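For the working numbering, count along the sequence shown from 1 and bump the result up by 2.
Read the structure below first, then the notes.
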Amino acid sequence: MTQELIWGKSGSPHIDGNDIGTINLAMRGVGNYVLDYKDKLKATVASANKITIGTGVMSFEGRDIIISAAETVTIESGSQGMKRNDIICEHYHRDTSNGVETTNLVAIKGTPASSNPKDPTIPSGTILGGATDAYMPLWRVPLDGISVGTPVQLFEILTPLKTVGDSVTQMIEAGTLSVKPSALGASYIKFAHPHDAPPLAVTATIAKWSGDEDRGRYVIPTVWDTAKDGFQLRFYRRDLGDWAGSLDCAVSWIAVWAA
Numbered sequence: 003m004t005q006e007l008i009w010g011k012s013g014s015p016h017i018d019g020n021d022i023g024t025i026n027l028a029m030r031g032v033g034n035y036v037l038d039y040k041d042k043l044k045a046t047v048a049s050a051n052k053i054t055i056g057t058g059v060m061s062f063e064g065r066d067i068i069i070s071a072a073e074t075v076t077i078e079s080g081s082q083g084m085k086r087n088d089i090i091c092e093h094y095h096r097d098t099s100n101g102v103e104t105t106n107l108v109a110i111k112g113t114p115a116s117s118n119p120k121d122p123t124i125p126s127g128t129i130l131g132g133a134t135d136a137y138m139p140l141w142r143v144p145l146d147g148i149s150v151g152t153p154v155q156l157f158e159i160l161t162p163l164k165t166v167g168d169s170v171t172q173m174i175e176a177g178t179l180s181v182k183p184s185a186l187g188a189s190y191i192k193f194a195h196p197h198d199a200p201p202l203a204v205t206a207t208i209a210k211w212s213g214d215e216d217r218g219r220y221v222i223p224t225v226w227d228t229a230k231d232g233f234q235l236r237f238y239r240r241d242l243g244d245w246a247g248s249l250d251c252a253v254s255w256i257a258v259w260a261a
């Protein structure tokens with residue numbers, strides 16, 4: 003069969019790491035990520051040959067790995083007059099004799115050079131491809147002589163679903179309210195909260211008005227100006243060919259911001 007019911011009873015053990023990894027990749031997007039949790043695997047230079055990796059969670063080809071306490075990775079000390087790039091990786095290994103999978107942090111040493119050192123080659127095997135060993139680059143550690151420079155982040159941090167939901171909520175505002183334009187037909191409507199930039203687009207229309215069911219036929223609201231905290235409408239009387247000054251109106255509007 004080409005189908006497998008993962009979250010269901012089959013009568014015998016049938017779920018393995020590849021199943022969970024595949025589902026995680028399908029939900030999160032193909033790739034390797036560090037999740038926005040705890041220290042997010044922050045790298046700190048502890049000494050000339052020791053790098054501390056902070057707590058956090060990573061997703062390595064869909065395999066979720068937790069670092070619950072800071073770990074130390076040892077790198078080879080640099081040499082005078084030479085530069086070098088080392089890469090700290092998460093290393094995956096599968097024991098071919100029993101299928102047991104393990105992970106650990108390792109440092110892959112680069113080749114010393116007098117200038118412009120290159121990153122070391124990272125083995126290309128993948129977990130889903132069946133490799134017994136695979137590597138997820140986390141940090142580049144630059145060495146200049148015996149001095150260790152600031153580690154450079156090589157991974158992407160995956161945005162939490164809550165943050166994504168909050169950002170989508172802030173991308174759209176809408177409302178319906180009664181306004182009384184000025185003599186020139188202008189009325190300023192404020193957003194519920196200020197934004198970092200004016201909206202990408204605003205549209206408005208006359209809402210149903212209990213006092214005059216036909217008002218929407220001859221009053222036209224036009225978005226005149228936009229700002230971070232609101233927008234200006236001007237109301238035009240189509241029947242009079244002039245601005246709708248001091249005329250009570252009910253207006254529905256929606257504003258959209260770029261992601």
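The beta-carbon is built from N, C-alpha and C at its ideal position, and this holds for glycine as well.
Every value quoted in this text rests on a predicted model; they were computed, and no experiment measured them.
Reduced DSSP category for residue i - H, G, I as helix; E, B as strand; rest coil
i      : result
Tyr220 : helix
Lys85  : strand
Met29  : helix
Asn118 : coil
Leu37  : strand
Asn100 : coil
Thr76  : strand
Asn106 : strand
Lys42  : coil
Asn20  : helix
Leu163 : helix
Ser212 : Below a pLDDT of 50, predicted positions are generally treated as unreliable, and Ser212, at 46, falls in that range; the measurement from the model is reported next regardless. Coil at Ser212, not helix or strand.
Trp141 : strand
Phe193 : coil
Gln5   : coil
Met173 : coil
Pro15  : coil
Cβ-based burial, residue i [other Cβ within 10 Å; buried from 16]
i      : result
Lys85  : buried
Ser212 : A caution first: Ser212 carries a pLDDT of 46, below 50, which makes its placement in the model too unreliable to give a value.
Met29  : exposed
Arg142 : buried
Pro196 : exposed
Ala106 : Here residue 106 turns out to be Asn, not Ala, going by the sequence shown. By the neighbour-count rule (16 or more Cβ atoms within 10 Å), Asn106 is not buried but exposed.
Gly131 : exposed
Leu140 : buried
Glu78  : exposed
Leu7   : exposed
Gly101 : exposed
Pro15  : exposed
Val2   : As displayed, the chain neither begins before 3 nor continues past 261, which places residue 2 out of reach and without an answer.
Gly13  : exposed
Asp88  : buried
Ala271 : Residue 271 falls outside the range modelled here, since the chain spans only 3 to 261, and no answer is possible.
Gly187 : buried
Option in the options with minimal Cα separation from residue i
i      : options                        : result
Ile148 : Gln82, Asp97, Ile68            : Gln82
Ala246 : Glu78, Pro201, Ser189, Lys210  : Ser189
Gly64  : Ile129, Leu7, Pro125, Glu6     : Ile129
Trp255 : Leu235, Asp244, Ser116         : Leu235
Met138 : Ser126, Gln5, Leu186           : Ser126
Tyr35  : Ile53, Ala48, Ile67, Ser14     : Ile67
Asp97  : Ala136, Cys91, Pro122          : Ala136
His93  : Val108, Gly80, Glu103, Asn87   : Val108
Gly243 : Val150, Val221, Ala252, Trp259 : Val221
Lys210 : Val253, Lys120, Ile55          : Val253
Ala257 : Cys251, Arg240, Gly232, Asp241 : Gly232
Minimum Cβ-Cβ distance from residue i to chain C less than 9 Å
i      : result
His197 : The question asks about chain C, but that chain is absent: this structure has only one protein chain.
Residue i: CB within 8 Å of a non-hydrogen atom of the ligand SAM
i      : result
Asn118 : Because no ligand of any kind appears in the structure shown, any question about the ligand SAM cannot be addressed here.
Just checking, does the segment 148 to 162 make contact with the segment 172 to 191 on the three C-beta pairs under 8 Å criterion? no
Unbroken beta strand (DSSP E) runs of length 3 or more, entirely within the segment 223 to 253: which are they? Taken in chain order, the whole beta strand (DSSP E) runs of length 3 or more contained in the segment 223 to 253 are 232 to 239.
Between the segment 55 to 73 and the segment 27 to 45, do three or more beta carbon pairs fall short of 8 Å? yes
With a threshold of 8 Å, are at least 3 pairs of Cβ atoms found where one atom belongs to the segment 179 to 189 and the other to the segment 108 to 126? no
For the segment 114 to 128 against the segment 13 to 27, are there 3 or more C-beta pairs whose distance is under 8 Å? no
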